[in-house]
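Visitor: Heads up: the sequence shown begins at 5 in the numbering used here, then just goes up one per residue. Backbone N, C-alpha and C define an ideal beta-carbon position, used for all residues, glycine too. Since the structure is predicted, the reported quantities are computational estimates derived from the model, not experimental observations.
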Amino acid sequence: MLGFLPAPLIGLIAAMLLVLNSFFWVPILLLLAVFRLMLPFKMARLRLDPLLVRIAEAWIVCNNGWMALTQKATWDVQGIAGLDPCGWYLVNCNHQTWADILVLQHLLTHRIPLLKFFLKQQLLWVPVMGLAWWALDFPFMRRHSEEVLKAHPELRGKDQEATRLACEKFSLIPTSVVNFCEGTRFTPSKHQLQQSPYRHLLRPKAGGIALALNVMGDKFRAILDVTIVYPDGAPDFWQFLSGGMRRVRVRIQTLPVPRHLACGDYANDPAVREAFQQWMQQIWHDKDAQIETLLNTGP
């Protein structure tokens, strides 16, 4: 609607609307979260968590409003029919840009339960939003490098424990747990450094999704394998705010939960770990081929 304006002005308007939206909803969210903290009982959480979810969904709906006002992207989406807003889902997605989160929220809010992401520990200190993510029980992961873990093996179980505690909370009310299996955003330099065998993806890390399935495998209705492609290049956050996302293609495939893997001991059983990694690698192989097809598909 505002596409006739210069891109920097569109970005400024979108940023202001995002900030105003966040400053309206986040204090309400924090107030309820503090109240919940003062009542550490399961019954209180069962009553208050749905209210926190509704506030978060209201924030997302308002974000969709300013996106409709400032964006003029063409959306090509398949696979969102038949989803259940009252069922638990594990969402697995490739990751290229911060815009991925807004794309997922835009498409899946009210179609499945509120999306909850695994976040890097540093994001806890993002002004305003870090507190909002804490209030919504998003798990914060430290993601130590292999060198650090070798020097300090006692740190190896910290992220797993944080994931387990978060998933136990997620099991109380319908929740969608989102995991970017690459662990970071795709860039050509990271791709080259990893020597990734995939053309458009980094190597997947199976540990987070394995632990989520181990804790909540009996809850998850299905796994949603989401592939996001930006045919004109993945926009950074400012480009997205400025209306730089021209086209986005999304494919969502509903996969069954691998029950035989979900009940295995990924951390301590090498056979389970190998089977899980092969399962993930097959998904990633198919996703890489799908991305190639979507990038080469005409307008």
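Measuring CB to CB, does Leu6 end up less than 8 Å from Thr113?
Guide: Contact: no.
Visitor: Below 7 Å CB to CB, which residues in the same chain sit around Pro260 once its five sequence neighbours on both sides are set aside?
Guide: Here the set comprises Ala226.
Visitor: Do you know whose CA, among Gln82, Ala275 and Met249, lies nearest Asp104's CA?
Guide: The residue with the shortest Cα to Cα distance from Asp104 is Met249.
Visitor: Quick check: what's the CA-CA separation for Leu111 versus Ile64?
Guide: When rounded, the distance between both Cα atoms is 11 Å.
Visitor: Just the C-alpha distance for Val132 and Ala275, rounded to the nearest angstrom, thanks.
Guide: So the two alpha carbons sit approximately 43 Å from each other.
Visitor: Determine which residues share a DSSP beta bridge with Asp229 and list them.
Guide: According to DSSP, which records beta bridges pairwise, Asp229 is partnered with Asn96 and Gln257.
Visitor: Ordered along the chain, which non-local residues of its own chain (more than five positions away) have a Cβ less than 7 Å from that of Leu13?
Guide: Around Leu13: no qualifying Cβ.
Visitor: Tell me which residue opens and which closes the beta strand (DSSP E) that Lys120 is part of.
Guide: Its beta strand (DSSP E) spans residues Leu119 to Phe121.
Visitor: Can you give me the Cβ contacts of Trp79 inside the same chain, cut-off strictly under 7 Å, excluding the 5 residues immediately before and after it?
Guide: Within the same chain, Trp79 has close Cβ partners Val252.
Visitor: Can you tell me whether DSSP reads Thr167 as helix, strand or coil?
Guide: Note: Thr167 maps to helix in three-state DSSP.
Visitor: Looking at Phe190: is its Cβ nearer than 8 Å to the Cβ of Gln100?
Guide: In this structure, Gln100 lies closer than 8 Å to Phe190 by Cβ.
Visitor: Can you tell me whether Lys223 is helix, strand or coil according to DSSP?
Guide: Coil.
Visitor: Does the separation of the CB atoms of Leu123 and Phe142 fall below 8 Å?
Guide: Contact flag set, yes.
Visitor: Leaving out five residues before and five after Trp102 in sequence, what residues of the same chain have Cβ atoms less than 6 Å from its Cβ?
Guide: Around Trp102: Phe241.
Visitor: Helix, strand or coil: how does DSSP classify Trp129 here?
Guide: Correct three-state label for Trp129: helix.
Visitor: Just confirm the distance between the C-beta atoms of Val38 and Leu228, as a whole number of angstroms; I'd bet it's less than 8 Å.
Guide: Their Cβ separation, rounded to whole angstroms, is 32 Å, which puts Val38 and Leu228 out of contact at 8 Å.
Visitor: Return the CA-CA distance between Tyr93 and Thr179, expressed in angstroms with no decimal places.
Guide: Spanning the two alpha carbons is a distance of roughly 7 Å.
Visitor: Along the chain, where does the beta strand (DSSP E) containing Gln82 start, and where does it finish?
Guide: Counting along the chain, the beta strand (DSSP E) containing Gln82 begins and ends at Thr78 to Gln82.
Visitor: For Ser175, tell me which candidate among Cys90, Ala77, Ala210 and Arg203 has the shortest Cα-Cα distance.
Guide: Checked all of Cys90, Ala77, Ala210 and Arg203; the closest Cα to Ser175 is Cys90.
Visitor: Could you check where the alpha helix (DSSP H) with Asn25 kicks off and where it finishes?
Guide: Ala11 to Leu41 is the span of the alpha helix (DSSP H), which, as asked, contains Asn25.
Visitor: Candidates Met220, Lys223 and Ala271: which alpha carbon is nearest Gly211's?
Guide: Ranking Met220, Lys223 and Ala271 by Cα distance to Gly211 puts Ala271 first.
Visitor: If the criterion is Cβ atoms closer than 8 Å, does the pair Asn67 and Glu186 meet it?
Guide: No, the Cβ-Cβ distance between Asn67 and Glu186 is not below 8 Å.
Visitor: Whose CA, out of Thr231, Phe144, Pro239 and Ala60, lies closest to the CA of His204?
Guide: The option with the nearest alpha carbon to His204 is Thr231.
Visitor: Just the C-alpha distance for Gly302 and Pro10, rounded to the nearest angstrom, thanks.
Guide: Answer to the nearest angstrom: the Cα atoms are 27 Å apart.
Visitor: Of all the options Gly268, Trp137, Ile59 and Leu206, which has the alpha carbon lying nearest to the alpha carbon of Lys291?
Guide: The option with the nearest alpha carbon to Lys291 is Leu206.
Visitor: I'd like to know whether the C-beta atoms of Phe280 and Ala214 end up nearer to each other than 8 Å.
Guide: Yes; because the gap between Cβ atoms is below 8 Å, this pair is in contact.
Visitor: Closest to Glu172 by CA distance: which of Val30, Ala72, His289 and Gly221 is it?
Guide: Minimum Cα distance to Glu172 is reached at Gly221.
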